[in-house]
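Report on the structure given below.
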Amino acid sequence: MSDAITAEGLVKRYGEVTALDGLSFSVPQGTVLALLGPNGAGKTTTVRVLTTLLRPDGGRATVAGCDIVDDARRLRSYIGLSGQYAAVDEHLTGAENLEMVGRLYHLGAKRSRARARELLERFDLTDAADRPVKGYSGGMRRRIDLAGALVADPPVLFLDEPSTGLDPRARAALWDTISELVAAGSTLLLTTQYMDEADRLADQVMVVDHGRAIARGTADELKDQVGGSRIELTVSDAAELETARQTLAWVAVGAMRTVPDSLQITVPVTDGPESLRQALGRLAEAGVRVRDAGLRRPTLDDVYLTLTGHQASGADEQVQEATR
Amino acid sequence: MNALTMPVADGWTIARRNTLKIRRSPDLLGAAIMFPIVFVLMFAYVFGSVIDVPGMSYREFLLPGIFVQAVIMGAQITGYTLTLDLQKGIFDRFRSLPMAPSGVLIGQTVSDLLMNLASLVVMAVMGLIVGWRVHTSPYEAVLGFGLLLLFAYAFSWFTATVALALRTPESFNNIATMVSFPLMFISNAFIDSSKLPTPLRVVAEWNPVSTFTQATRELFGNTSSAMKTSDAWPMQHAIPASLLWITVILIVFVPLATRLYKKAVSG
């Protein structure tokens, strides 16, 4: 199987800031790679470089066999891009937007119109097809933007944080759609801050930090790297959270993580059930009222924390969503 | 599709998009039409009652100047719209597509040309109402409007270049006002520029706004033998000088704007 995307030592600088610091990877045809990392890790820059929107300052890359610098125009006919913010014209209707994109892919007027209708139906936008995008909800905008990326049925897809800003239901629906696309054989490069998103959609996950890849593997491989299990507790108030933190320091084998808003604490341990039994005993002695306790396998969240030593920015929010 | 037909086809697609947009948000078209109407009325009745031009009515003298001014204002819509689009994601979409890079600019300038045409028609009607008349043949009158439209189209590419260099709507508007007002007022568009003090008079004589105004006056017959035309070359040969300006503007700013467009969206 050949590679749909190859990148060798990509470098991109913005003045003093190095957004990409020699990033190398490849994505075999028909597979999904998720770039996982916080804001500013270089995920979006990677997508912009590979989709020819940005010129790299160093390194080489090919997409669908085309060099991103020398063969940019041809490359563009093989890709579909859906960015962080919906790249559609607000004053145009959904149908007009998709038809315009079709024409700009040079599909011809008739085929563009037909393709627009097809996609609107597929993305459940038929009712809104002839209304200006201005009046669409956030989820509908995302869908019309994603539909825009699919107009030419491109073999390689780039989705930059596709579910950012969507409510849980819209997110689940979007994931289903993406899974279908991938099942149909597209190659996909996905960026995300959501660990569960990478877990759910990607064959391979690459953790990116400061423009460098710090780990790569399947979601399970990455979790195994972190090893052990996690005790997850919910306590009754903020003071208890701190007590719990001090009480459990002896049992933790890595960094503990607390989420003050939901009064949760996560403790990495080696010997799961035994550690949990002991932890609960100590907490009872310390007078901490535990409202919920559980043991689980590490998530990509934990992988991320262990590998980078810091949490993704806005991670509190993600942790809450992930554990809801 | 080859290198020649693609920019045209893509430009057409973008122009269609812009025309749809104008239809959906008529405020832009409204502004492009209302502004010149206000100007015709204000100059005709306020300045018209105090300014005398020898051998003809001030309103006849004024209208060609107002036409040129409206074209300059109208062409700024090109730049302004581009800065608005730059703020949104739509240019990312365009640039990730296998379209001609010049297509976006061709489409934008063509749809703005249609808007300028609409605004010229409205103004001509306003002019006829306040007493402006064409004194030449219909053929020359058509040439007059043709020249204005060519100028409008070329000037759109100039404002596109400025917009792509400045990138934000606020800074574009500031610069556009700062440049276009002196350009319009240090000219023969609203006044008899021969009465200006020498330095200003020289600027006015070589100002392209004067050249276009003079050419338009000649083509519409809004001139008077009682009023001596300046000896400066562009004023004596206003029509060829206007065509020369249009050619130069297009040759310089079409490639420049296209280059800036490619760069502007690739940060």
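Chains as they are written, first to last, in numbering that gives the first Met the number 0: chain E, 0 to 323; chain L, 0 to 266. Even for Gly, the Cβ is constructed at its ideal location relative to N, Cα and C. Bear in mind the structure is a predicted one, so any value in this text is a computation, not a measurement.
query, result
"Return the first residue and the last residue of the alpha helix (DSSP H) that Gln277/E is part of.", "271-284"
"Reducing DSSP to helix, strand and coil, say where Gly58/E ends up.", "strand"
"How would you call Arg16/L, buried or exposed, if buried means at least 16 neighbouring beta carbons within 10 angstroms?", "buried"
"What residues of chain E sit near Ile89/L, judged by a beta carbon separation below 8 angstroms?", "Ala86, Val87, Asp88"
"Would Asp9/L count as contacting chain E if we go by Cβ distances under 8 angstroms?", "yes"
"Going along the chain, which residues of the stretch 183-197 of chain L sit with their C-beta nearer than 7 angstroms to a C-beta in chain E?", "none"
"How big is the Cα-Cα spacing for Thr233/E and Val206/E?", "29 angstroms"
"Let me know the alpha helix (DSSP H) ranges lying completely inside the stretch 138-194 of chain E, each 4 residues or longer, listed in chain order.", "167-182"
"Suppose contacts are defined by Cβ-Cβ distances below 8 angstroms. Is Thr43/E in contact with Leu19/E by that definition?", "no"
"Please tell me whether Thr82/L and Gln107/L are closer than 8 angstroms, where the distance is taken between their beta carbons.", "no"
"Just to confirm, is the Cβ distance from Leu187/E to Asp91/L under 8 angstroms?", "no"
"Identify the residues that DSSP records as bridge partners of Val52/L: which are they?", "Met55/L"
"So, for Gly14/E: in the same chain, excluding its five sequence neighbours on each side, which residues have a beta-carbon less than 8 angstroms away from its beta-carbon?", "none"
"When DSSP builds the beta bridges, which residues end up paired with Arg215/E?", "Met205/E"
"Taking Pro207/L as part of the alpha helix (DSSP H), name the residues at either end of that continuous run.", "207-219"
"Applying a beta-carbon distance threshold of less than 7 angstroms, which residues of chain B neighbour Met72/L?", "Of the protein chains in the structure, E and L, none is chain B."
"In terms of residue numbering, what span does the alpha helix (DSSP H) encompassing Gly8/E cover?", "That residue, Gly8/E, is in no alpha helix (DSSP H); its beta strand (DSSP E) goes 2-13."
"Starting from Val141/L, follow the alpha helix (DSSP H) in both directions and report where the run begins and ends.", "137-165"
"With a threshold of 16 other CB atoms inside 10 Å of the CB of Glu320/E, please say whether the residue is buried or exposed.", "The predicted position of Glu320/E is uncertain, since its pLDDT is 34 and thus under 50; no value can be drawn from it."
"With a cut-off of 8 angstroms, does the C-beta of Pro154/E fall near any C-beta of chain L?", "no"
"Determine the direct distance from the alpha carbon of Val251/L to that of Glu160/E, and round the result to whole angstroms.", "40 angstroms"
"Could you tell me the alpha carbon to alpha carbon distance between Trp156/L and Val124/L, rounded to whole angstroms?", "27 angstroms"
"Taking only three categories from DSSP, how would you classify Ala321/E?", "Because Ala321/E carries a pLDDT of 34, less than 50, the predicted location of this residue cannot be relied on, and the following value inherits that uncertainty. Here Ala321/E sits in helix by DSSP."
"Val225/E and Val302/E: beta carbons closer than 8 angstroms?", "yes"
"At 8 angstroms on the CB atoms, spell out the chain E contacts of Thr12/L, in chain order.", "Met99, Arg102, Leu103"
"With H, G and I counted as helix, E and B as strand and the rest as coil, what does DSSP make of Gln86/L?", "coil"
"Output needed for Thr222/L: all residues of its chain with C-beta closer than 7 angstroms, excluding positions within five of it in sequence on either side, in chain order.", "Arg216"
"Please list the partners that Ser24/L has in chain E, where partner means a Cβ-to-Cβ separation under 7 angstroms.", "His90"
"Classify Leu28/L as helix, strand or coil using the three-state DSSP reduction.", "helix"
"Do Phe171/L and Tyr79/L have their C-beta atoms within less than 8 angstroms of each other?", "yes"
"With distances taken between CB atoms, is the gap from Val202/L to Ile185/L smaller than 8 angstroms?", "yes"
"Flag Arg355/E as yes if its beta-carbon sits less than 8 angstroms from any beta-carbon of chain L, otherwise no.", "Within the shown structure, residues of chain E are numbered from 0 to 323, placing residue 355/E beyond reach of any answer."
"Using a Cβ-Cβ cut-off of 8 angstroms, state whether Glu95/E counts as contacting chain L.", "yes"
"By the 7 angstroms beta-carbon criterion, what residues does the stretch 99-126 of chain L contribute toward chain E?", "none"
"Classify Thr217/E: buried if its beta carbon has 16 or more other beta carbons within 10 angstroms, exposed otherwise.", "exposed"
"By Cβ distance below 6 angstroms, which residues in the same chain neighbour Phe122/E in space, the five residues on each side in sequence not counted?", "Arg142, Ala146"
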